[in-house]
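> Structure provided below as C-alpha cells; questions to follow.
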Amino acid sequence: MDTFIVSARKYRPSTFRSVVGQEALTTTLKNAIAGNKLAHAYLFSGPRGVGKTTCARIFAKTINCLNPTHEYEACNACESCVAFNEQRSYNIHELDAASNNSVDDIRSLIDQVRVPPQIGKYKVYIIDEVHMLSQSAFNSFLKTLEEPPAHAIFILATTEKHKIIPTILSRCQVYDFNRIHIGDIVAHLQYVAKEEGVQTEPEALNIIAQKADGGMRDALSIFDQTVSYTGGNISYQAVIENLNVLDYEYYFRLSEAILAGDVVNCLLILNDILNRGFEGQYIISGISSHFRDLLVCKDPATAQLFQVGASIREKYIDMAQQCSNDFLYRAIELSNDCDLNYRLSKNKRLLLELALIKLCQLREGAASGSEEKKKPIEPIIPLKKNSSTATIPTQSGKVADRHEETEKRQREDETQPRASEEIHHITAVQPTAVQPKEEREKPVTPKRKSVSMAGMGVSLASINQTQKEETIIISEKAVQNGTNLFTEKELVAAWESYAATLKEEVLLKNTMSLYPPRMLNDVVFEVEVNTDLNKQYLTDNSLSILTYLRETLQNGEITMTIRIAEGNAIKKPLTSREIFDEMVQQNPVLQKLSDEFGLELS
Ligand SMILES: [Zn+2]
Numbered sequence: 102m103d104t105f106i107v108s109a110r111k112y113r114p115s116t117f118r119s120v121v122g123q124e125a126l127t128t129t130l131k132n133a134i135a136g137n138k139l140a141h142a143y144l145f146s147g148p149r150g151v152g153k154t155t156c157a158r159i160f161a162k163t164i165n166c167l168n169p170t171h172e173y174e175a176c177n178a179c180e181s182c183v184a185f186n187e188q189r190s191y192n193i194h195e196l197d198a199a200s201n202n203s204v205d206d207i208r209s210l211i212d213q214v215r216v217p218p219q220i221g222k223y224k225v226y227i228i229d230e231v232h233m234l235s236q237s238a239f240n241s242f243l244k245t246l247e248e249p250p251a252h253a254i255f256i257l258a259t260t261e262k263h264k265i266i267p268t269i270l271s272r273c274q275v276y277d278f279n280r281i282h283i284g285d286i287v288a289h290l291q292y293v294a295k296e297e298g299v300q301t302e303p304e305a306l307n308i309i310a311q312k313a314d315g316g317m318r319d320a321l322s323i324f325d326q327t328v329s330y331t332g333g334n335i336s337y338q339a340v341i342e343n344l345n346v347l348d349y350e351y352y353f354r355l356s357e358a359i360l361a362g363d364v365v366n367c368l369l370i371l372n373d374i375l376n377r378g379f380e381g382q383y384i385i386s387g388i389s390s391h392f393r394d395l396l397v398c399k400d401p402a403t404a405q406l407f408q409v410g411a412s413i414r415e416k417y418i419d420m421a422q423q424c425s426n427d428f429l430y431r432a433i434e435l436s437n438d439c440d441l442n443y444r445l446s447k448n449k450r451l452l453l454e455l456a457l458i459k460l461c462q463l464r465e466g467a468a469s470g471s472e473e474k475k476k477p478i479e480p481i482i483p484l485k486k487n488s489s490t491a492t493i494p495t496q497s498g499k500v501a502d503r504h505e506e507t508e509k510r511q512r513e514d515e516t517q518p519r520a521s522e523e524i525h526h527i528t529a530v531q532p533t534a535v536q537p538k539e540e541r542e543k544p545v546t547p548k549r550k551s552v553s554m555a556g557m558g559v560s561l562a563s564i565n566q567t568q569k570e571e572t573i574i575i576s577e578k579a580v581q582n583g584t585n586l587f588t589e590k591e592l593v594a595a596w597e598s599y600a601a602t603l604k605e606e607v608l609l610k611n612t613m614s615l616y617p618p619r620m621l622n623d624v625v626f627e628v629e630v631n632t633d634l635n636k637q638y639l640t641d642n643s644l645s646i647l648t649y650l651r652e653t654l655q656n657g658e659i660t661m662t663i664r665i666a667e668g669n670a671i672k673k674p675l676t677s678r679e680i681f682d683e684m685v686q687q688n689p690v691l692q693k694l695s696d697e698f699g700l701e702l703s
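The sequence shown maps to residues 102 to 703 in the working numbering.
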C-alpha cells in the first residue's frame with residue numbers, strides 16, 4: 102500500500118462511457134458530436150468533484166480524435182488522443198480562474214486563441230471556476246466569446262452559476278451537472294477497491310459516499326485516505342472512526358428511547374454521544390436526517406431510494422413501521438427547528454435536551470403498526486359499571502365503546518353529577534366499607550375530562566393491544582391481593598415508600614413526591630398533576646406503581662386516575678420555557694445553574 106496512487110487521478114474516466122452518474126449529460130454531448138452541432142461556448146455548472154472538468158477534457162479529446170469509434174468516443178490510440186492522454190496536447194488549454202483571474206491572465210489566453218491547431222480540428226479552452234474572474238477580465242473575455250475563431254471552443258466550468266453575468270450565460274450552452282447518487286459512488290468505489298485488491302464492507306463505502314456529498318473526487322480521496330489508514334481493509338467501524346461519523350446505532354437507540362417516551366434514557370444517550378466528542382449541531386442534524394430516512398423507509402417503494410447497504414435498510418424499514426407518518430413529520434420539524442436555532446443558542450446543550458424531551462412527548466401520537474414491544478400508552482383504568490370486576494375493561498373490542506362512553510361522560514359531567522351510580526356499585530361489592538371521612542364530603546366522580554383518550558391523541562388500535570396485555574396481569578393480581586380496605590393515609594404512605602425505592606428514575610420519583618394521591622372512593626384514587634410531562638411519567642409507570650400499591654395495601658382493585666390541574670390542561674404542547682420551569686420545579690438546582698451561567702432559552 103506504500104505506493105498507492107491517488108485514485109481520483111488513476112481512475113479518472115477517459116471516455117464518456119466511464120463517467121459515473123452523469124449519463125444524461127454525456128449522452129447529450131455525444132449526440133452533439135455525432136450531429137456535428139458543436140457550440141462555441143459551453144457552461145458546465147454543478148457541485149465540486151462531480152466530473153465537470155473531466156467531461157470537458159473528454160469532450161476536447163473526442164472532438165479532436167482522428168479516428169472516433171462508432172459510439173463517438175475517443176479512440177485513445179490516434180496521435181491526438183495519445184497527446185491528450187500524455188498531457189502534451191496543444192489543443193487543450195486549462196485556466197484556473199481561481200488563481201489566474203486578472204485581465205493579463207485572460208489576455209494571454211485570448212492571444213493563444215488566434216493560433217489554429219496543428220493536429221486535429223479544435224482548440225479547447227477550459228476555464229475552471231470561471232465565476233472567479235475579475236470584472237475587467239470578464240469584459241475583455243466577452244469580446245472573444247462574441248466573435249470566436251472557428252477552431253476555438255470554450256468550456257467554462259463553475260460551481261456557482263448564479264455569479265455568471267447574463268451576457269456570458271446567454272452565449273453559452275449550459276449543462277447542469279448533478280450530484281452523483283450514493284449508489285453510483287458506492288458502485289464505483291467497489292470497482293476501484295476490486296482493482297486495487299482492497300477489502301471493503303458495503304456500509305463502509307456507503308458512509309464514504311455520504312460524506313463525499315455527491316462528489317466522486319471527494320469520495321475517491323476519502324477512499325484513499327481510509328485505505329492508508331486501515332491498511333487495505335475498509336470496515337464500517339474503521340470508516341466511522343476515521344471520518345468521525347456517529348455510528349447509526351446511536352440514532353437507532355435514540356429513536357427507540359424517543360418512541361418509548363423514555364426521557365431519561367434519551368438524555369443519557371445524548372450525554373454518551375457528547376462525551377465521544379461529537380458536536381451538538383452534528384448530532385441534531387443527524388437526528389433530523391435519521392427521521393427523514395425513516396420517513397423515506399415508510400413505504401417499501403420509496404425505501405429503494407434510500408441508498409444504503411441491505412442490512413441497514415432492513416433496520417430502517419423495521420423501525421419505520423413503528424412510527425406513524427404524523428409522528429415523523431413532527432419529529433423532523435422539531436429536530437430541524439432545533440438545528441436552525443442551534444447556532445444562536447447560548448445554552449446549546451439545554452437546547453438539545455429540550456429537543457429530545459419534546460421528541461419524547463410526541464410519542465403519544467406515534468403509535469401505529471406493531472405495538473407489541475411498546476409500553477402501555479393509556480394504562481389508566483376507569484371504573485366501569487356493570488362489570489363484575491368493577492375496574493378493568495377486558496375485551497379489546499370494547500375500547501371503541503369505552504371511548505364513546507368517555508366522551509358521553511364528559512358531556513354528562515357538565516350537566517349532572519353521576520357519582521351515585523358508581524358509589525352504589527362499589528359499596529355493593531364491599532358492604533363492609535367504611536368510607537374515609539374526607540371521602541363523603543366531596544364529589545366522587547373522577548374528572549374524566551383529564552383522562553379522555555380523545556385528548557391523548559392515541560390511536561385506538563394501539564390501545565387495544567397494550568390494554569389486553571395489561572389486563573391479564575392485573576386480573577391475576579386482583580385475585581391474589583384480595584379487597585382489603587385501607588385509608589388515604591396508608592395509601593399516601595405506600596405511595597411514598599414506592600417513590601423511595603426509585604433510584605434512577607429521578608423524574609418519576611420527583612413527580613410522585615410532588616403530587617400525593619387523593620382517594621376518590623374505596624379503591625379509586627386520583628393524582629392531580631400540573632403538566633402533561635408529570636402525567637406522562639405516572640402513566641408510563643402506572644403498571645408497576647399499581648402493582649406495588651395493590652400488593653402493599655392488599656387490595657387488587659386499586660385504580661389510579663391522573664388529572665391535570667384545572668387551568669393547566671390546555672397547555673399542551675409545552676413551550677421550551679414551560680418545560681424548563683417544570684424541570685426547575687422538580688430540580689431547583691437547574692434554576693441555580695441557569696442563573697449562575699446567565700443562560701437563556703432560545
Ligand atoms: Zn483518437
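Positions of the beta carbon are idealized from the N, C-alpha and C atoms, including for glycine. Values in this document were obtained by computation on a predicted structure and should not be read as measured data.
By how many angstroms is the C-alpha of L246 removed from the C-alpha of I265?
Taking the straight line from one Cα to the other gives about 14 Å.
> Applying the criterion that 16 or more other CB atoms from any shown protein chain within 10 Å of the CB defines a buried residue, is E454 buried or exposed?
Buried.
> I think I281 touches V151, with their Cβ atoms under 8 Å apart; what is that distance to the nearest whole Å?
Indeed, because the Cβ distance is near 6 Å, the residues count as touching under 8 Å.
> In three-state DSSP terms, what is L196?
Strand at L196.
> Can you name, in chain order, every residue of its own chain whose Cβ lies under 6 Å from the Cβ of E230, other than the five neighbours on each side?
Contacts found: A198 and A199.
> Can the beta-carbon of R619 be found less than 9 Å from the beta-carbon of V628?
Taking 9 Å as the Cβ cut-off, R619 and V628 qualify as a contacting pair.
> With a threshold of 8 Å on Cβ separation, who are the neighbours of R118 within its own chain once the five nearest residues in sequence on each side are excluded?
Taken in chain order, the residues that qualify are T127, E172 and E174.
> Closest to L196 by C-alpha separation, out of Y430, E597 and I256, would be which residue?
Here the closest residue by C-alpha is I256.
> Please look up how many angstroms separate the CB atoms of V364 and I228, rounded, as I've assumed it's under 8 Å.
The pair is not a contact, with the Cβ atoms about 56 Å apart (cut-off 8 Å).
> Please indicate yes or no: does the CB of A175 lie closer than 8 Å to some heavy atom of ligand 3?
In the structure on display, ligand 3 does not appear, and the ligands it does have are ligand 1.
> Quick check on K138: does DSSP put it in helix, strand or coil?
Note: K138 maps to coil in three-state DSSP.
> Go through the segment 112-190 residue by residue and report every complete run of the alpha helix (DSSP H) that reaches 4 residues or more, in order.
Listed in chain order, they are 124-135, 153-165 and 180-186.
> Buried or exposed, going by whether 16 or more other CB atoms sit within 10 Å of the CB of T612?
Buried.
> Could you give the distance in angstroms between the alpha-carbon of E589 and the alpha-carbon of A595?
The straight-line gap from Cα to Cα measures roughly 10 Å.
> Under the rule that 16 or more other beta-carbon atoms within 10 Å means buried, what is I220, buried or exposed?
Flag for I220 reads exposed.
> In chain order, what residues of the same chain lie with their CB nearer than 7 Å to the CB of N334, ignoring the 5 residues before and after it?
Result list for N334: Q300, in chain order.
> May I ask whether a heavy atom of ligand 1 can be found less than 8 Å away from the beta carbon of P169?
Yes; taking the cut-off as 8 Å, the Cβ of P169 has a heavy atom of ligand 1 nearer than that.
> DSSP three-state call for K222: helix, strand or coil?
Note: K222 maps to coil in three-state DSSP.
> Just the C-alpha distance for D726 and V690, rounded to the nearest angstrom, thanks.
No answer is possible for residue 726: the residues shown for the chain start at 102 and end at 703.
> Just confirm the distance between the C-beta atoms of A253 and K224, as a whole number of angstroms; I'd bet it's less than 8 Å.
Right, the Cβ-Cβ distance comes to about 6 Å (below 8 Å), so this counts as a contact.
> Is A456 closer than 9 Å to L435 when the C-beta atoms are compared?
Going by C-beta atoms, L435 is nearer than 9 Å to A456.
> Could you tell me which of G284, Y112 and S389 sits nearest to F353, measuring between CA atoms?
When only C-alpha atoms are compared, the closest one is S389.
> Using the C-alpha atoms, what's the distance from G362 back to Q405?
Whole-angstrom Cα-Cα distance: 30 Å.
> DSSP on F626, reduced to helix/strand/coil?
Strand, per DSSP.
> In angstroms, rounded to a whole number, what distance separates the CA positions of Q188 and C182?
C-alpha separation (whole angstroms): 10 Å.
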